[in-house]
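Residue numbers (this note's numbering), protein chains in the order written: chain A, 12 to 371; chain Z, 349 to 586.
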Amino acid sequence: MPGTESTAATSAEHPNSGLLQICREAALSTRAELDQLLSSQIPGYTSEDTSLVVFGSLARGEWTRGSDLDWTYLIDGGANSDHLLIAQRIQRLLEENEAKFRPPSPTGTFGNMAFSHDIIHQIGGQNDTNKNTTQRILLLLESCAIGKRTDAYDRVILGVINRYLDEDNHPLTPDSKRYRVPRFLLNDIVRFWRTMAVDFASKQRDRAGKGWGLRNAKLRMSRKLIFASGLLVCFSANLDPDLQTKISTDKQDGIKLTLVQHIRDYVRLTPLEILAKSMDRYGVPQLIAKDLFGAYTEFLKVLSDEKSRAALENLRSGDSREDPTFREIRRISGIFERALDHIFFENKQIAPLTRKYGVF
Amino acid sequence: MRCIGFSTGALARNDFGKALQMLAGKNVSAVELSALRQGELVPLVEQLDHLDLSPFKYVSFHAPSAMERSFESVAVELLLQVAARKWPIVVHPNAMYNPSEWRRLGNCLCIENMDKRKPIGQTAKHLAEIFETVPDASFCFDIGHARQVDPTMSEASAILHRFRDRIRQLHVSEVNTQSKHDPLSFESILAFHKVSHLVPADVPVILESRVEESEINGEILSALNALSADNLLALTGD
């Protein structure tokens, strides 16, 4: 398929070459089309207190023809009964244009309203539901606000990062020379990954095996990518040399704010960009980068192909070992995982942090 | 169609000449000449004879939103020149130290309801107290201020019920939490729909939304939509 070859010379160039570049441009133009549609039918659909946020492949810059549009109407302001009306109007408009904007998954994590108070305050504890955790982590790691007004979205992202760092009493190592890995954030990202993996089994049961193949493929690739990028964001607090030069012993507040800004800057990147940046920064060999981005490109190639995507959507677990499309996914995800293994277990800078924070 | 236009201060802050240029050729029939800061009053009054206001059926004037006590009598003297043209003069109640001075403007004095920042003038009760001190004054209903004070629009409804007959003009925009005037969002349009049936149809509308020139016509359409009683979703306060 044209566009699948990468000629990248550094890791940072990979997301901007070949099919990855094509999907990225498709995501950008789809976001613009979405804004245009909403602006023409619902002028001023966002406000100081509300943002329309998209997740999934549209936010990651991996938009393919069969991608779903995962969205939520994010509210960070006073309670207002009109918010539901607006969310419903957005929903109706998207349904009227479902040929272009496919509806989200039926579990209801997206395609609805989300409230900043739950997302920021309910981290852990009895009221931190699956939906809340998912929205929070995806807001950080794979989200994008649509339209000109992004005030609410920007505030909530900062609010979430602040909340995670508020719980870490000692942001610096004992010698005050480096930032520590933000453990509360890291643990939530790890929890999110494990939750997705457990939910995979739960969904298989709930939906009587329907959609197993596609969900499995996503778990092996795009979901795992989010997890890996989240770990790297956390590790960067300790490893990023530029960040360490900004450590000031003046005030505790300044130390925290610098880290907040660092994490905010990182999560502005897409997961693939975070991987690429980290691989360059920590000296991961080009061969590994080529394998990782090559495998991901092949994954998107499968999803871009209508027949292959349909085959995965219709595939049930029992048939997976014989199914040629799924065998291809297994091969691709094997390469992807070996590349991740190299980054997280063999790289001299990252491996010690994986050992220290990854499991126990 | 409603008589509708913009405040010069919204389009070009303290450059009324530029704002009038931005409005040239647009579908507007009203304008509010804005001297929101004390220092802008003298230059604007001095220029009144030289401005081409022929495209506008309705012209109003916005007095400084705050001023030093020592400037109050100077301001009123200058504003008497504006009143001589029979233009409504929009005044913030907190800018009036001595109501008897302002009574000299007669029914050209046009009191505006306030946003959250101001110490007085937000509610129907406050406004009633103010109108007792300036009984001939008319009323500039700022629907954006009213929504900022009470997003349910209940207070807006109370104000409209009580002072509908005094209304001389409307101010329309979305007023954000910092009390800045933003373009209308769908959220504010839905809120304005709730009281649109209470807003007299013949009252001129002045938009205070800070927009680029290319956005003027779109903002006018949004405002007309917001004030159209045809779009009423649910009555507030009736």
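No residue lacks a Cβ here, since even glycine has one placed at the ideal position from N, Cα and C.
Asked, Found
"I want to know whether the segment 48-59 of chain A touches the segment 93-107 of chain A - three or more CB-CB distances under 8 Å.", "yes"
"Helix or strand or just coil, what does DSSP make of G585(Z)?", "The predicted model places G585(Z) with a pLDDT of 47, which falls under 50 and marks its position as unreliable; any figure quoted below should be read in that light. If DSSP states are grouped into helix, strand and coil, G585(Z) belongs with coil."
"P548(Z) to D93(A), Cα distance in whole Å?", "24 Å"
"If contact is defined by three or more beta carbon pairs under 8 Å, each pair taking one atom from either stretch, is the segment 273-292 of chain A in contact with the segment 318-328 of chain A?", "no"
"Are the CB atoms of S355(Z) and E380(Z) nearer to each other than 8 Å?", "yes"
"With a cut-off of 8 Å, does the C-beta of V379(Z) fall near any C-beta of chain A?", "no"
"With C-beta atoms as the reference, is L31(A) less than 8 Å away from F304(A)?", "yes"
"Jot down the residue ranges of each uninterrupted alpha helix (DSSP H) in the segment 273-305 of chain A, minimum 4 residues, whole runs only, in chain order.", "282-292"
"Under a CB-based cut-off of 8 Å, is S521(Z) close to chain A?", "no"
"Within its chain, find whatever has a CB closer than 8 Å to the CB of L270(A); leave out the 5 residues flanking it on each side and keep chain order.", "L176, P182, Y190, P193, A248 and L254"
"Reducing DSSP to helix, strand and coil, say where N573(Z) ends up.", "helix"
"Near F419(Z), which residues of its chain fall below 7 Å by C-beta distance, leaving aside the five closest residues on each side in sequence?", "Q386"
"List the residues of chain A whose Cβ lies closer than 9 Å to the Cβ of T525(Z), in chain order.", "E59, D60 and G88"
"State the start and end residues of the unbroken alpha helix (DSSP H) segment that holds E449(Z).", "P447 to R451"
"Using three-state DSSP, classify Q517(Z) as helix, strand or coil.", "strand"
"Would you please verify whether the beta carbon of D93(A) is less than 8 Å from any beta carbon of chain Z?", "yes"
"Taking DSSP's pairing of strands, which residues face V171(A) in a bridge?", "BP columns for V171(A) are empty, so no partner."
"From R451(Z) to K267(A), what does the alpha carbon distance come to, in whole angstroms?", "56 Å"
"Excluding the 5 residues preceding and the 5 following R510(Z) in the sequence, name in chain order all residues of the same chain whose CB lies nearer than 6 Å to its CB.", "A472"
"Does the segment 65-73 of chain A touch the segment 34-43 of chain A, meaning 3 or more C-beta pairs lie closer than 8 Å?", "yes"
"Would you mind sorting A358(Z) into buried or exposed? The rule is 16 or more other CB atoms within 10 Å of its CB.", "buried"
"Can you tell me which residues form a DSSP beta bridge with C488(Z)?", "E460(Z) and Q517(Z)"
"Starting from L351(Z), trace the alpha helix (DSSP H) both ways and give me its first and last residue.", "Reading the sequence as shown, one finds Cys at residue 351(Z) and not Leu. Run containing C351(Z): none; DSSP gives neither H nor E here."
"Between the C-alpha atoms of R350(Z) and A90(A), what's the straight-line distance to the nearest angstrom?", "32 Å"
"What does Y190(A) pair with, by DSSP beta-bridge criteria?", "L183(A)"
"Mind checking whether the beta-carbon of D162(A) lies closer than 7 Å to any heavy atom of the ligand ATP?", "The ligand ATP is not among the ligands present in this structure, which contains no ligands whatsoever."
"Any contact between the segment 500-519 of chain Z and the segment 479-490 of chain Z? By contact I mean 3 or more CB pairs, one from each, below 8 Å.", "yes"
"Determine whether the beta carbon atoms of E567(Z) and L518(Z) lie at a separation below 8 Å.", "no"
"For A587(Z) versus V520(Z), is the C-beta spacing smaller than 8 Å?", "In the structure as shown, chain Z starts at 349 and stops at 586, and residue 587(Z) therefore has no counterpart that could be examined."
"Check the Cβ-Cβ distances between I537(Z) and every residue of chain A, and say whether any is below 8 Å.", "yes"
"Return no unless some Cβ of chain Z is closer than 8 Å to the Cβ of P54(A).", "yes"
"If we count the other Cβ atoms within 10 Å of its Cβ and call it buried at 16 or more, is D586(Z) buried or exposed?", "Because the pLDDT at D586(Z) is just 46, under 50, the model does not fix this residue reliably, and the value given afterwards should be weighed accordingly. By the neighbour-count rule (16 or more Cβ atoms within 10 Å), D586(Z) is not buried but exposed."
"Under 8 Å, Cβ to Cβ, is there at least one residue of chain A near P403(Z)?", "no"
"Any idea what DSSP makes of M501(Z), helix, strand or coil?", "coil"
"Got a sec, what are the start and stop residues for the beta strand (DSSP E) Y368(A) sits in?", "Unbroken run through Y368(A) is the alpha helix (DSSP H), I361 to Y368; no beta strand (DSSP E)."
"Are A125(A) and L63(A) touching if we call contact CB-CB under 8 Å?", "no"
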